[in-house]
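Colleague: One gets this note's numbering by counting positions in the sequence shown from 1 and adding 23 to each.
Ideal Cβ placement from N, Cα and C applies to all residues, glycine included.
One structure coming up, written as structure tokens, with questions to follow.
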Amino acid sequence: MTEHNTSLIEFPCNFPIKVMGGQHPEFESSVLACVQKHAPETQAHHVSIRPSSKGNYLSATVQVNNVQNQEQLDNIYRDLTAHELVKVVL
24 MTEHNTSLIE FPCNFPIKVM GGQHPEFESS VLACVQKHAP ETQAHHVSIR
74 PSSKGNYLSA TVQVNNVQNQ EQLDNIYRDL TAHELVKVVL
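Below, the structure written as structure tokens:
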């Protein structure tokens, strides 16, 4: 049986990643550092942060520019998901 790796995403592309975690002063810098390991051109101005309505959680949207392939995207998701301050990655 032949395995076909088809993706709905055309690479290279710009890709937004949503990250949620608890309220913590290091959350934004930690998220940025995880993404920069795999997409070094990502800068602080590519990250937007919003607190939850009760202020217990933070939501970050990271605009990752020029994603080259699925492997790069998977590595970003893997590192973010493994980080202790991160609860959810979408």
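Judging by CA-CA distance, which residue of GLN93, ARG101, ALA83 is the nearest neighbour of PHE34?
Modeller: Among GLN93, ARG101, ALA83, the Cα nearest to that of PHE34 belongs to GLN93.
Colleague: Write down the C-beta distance between VAL90 and PHE38 rounded to the nearest angstrom, noting that I regard them as a contact closer than 8 Å.
Modeller: That belief holds up - the Cβ atoms of VAL90 and PHE38 are roughly 5 Å apart, short of 8 Å.
Colleague: What residues in its chain sit with their C-beta under 6 Å from that of THR84, if we drop five residues either side in the sequence?
Modeller: These residues qualify, in order along the chain: PRO39, LYS41, SER71.
Colleague: So the candidates are SER30, THR29, SER53, THR65; which of them puts its Cα closest to the Cα of GLU107?
Modeller: That would be SER53, whose Cα lies nearest to the Cα of GLU107.
Colleague: I'd like to know whether the C-beta atoms of THR100 and VAL87 end up nearer to each other than 8 Å.
Modeller: A small fix is needed here, since residue 100 is Tyr in this sequence, not Thr. Contact flag unset, no.
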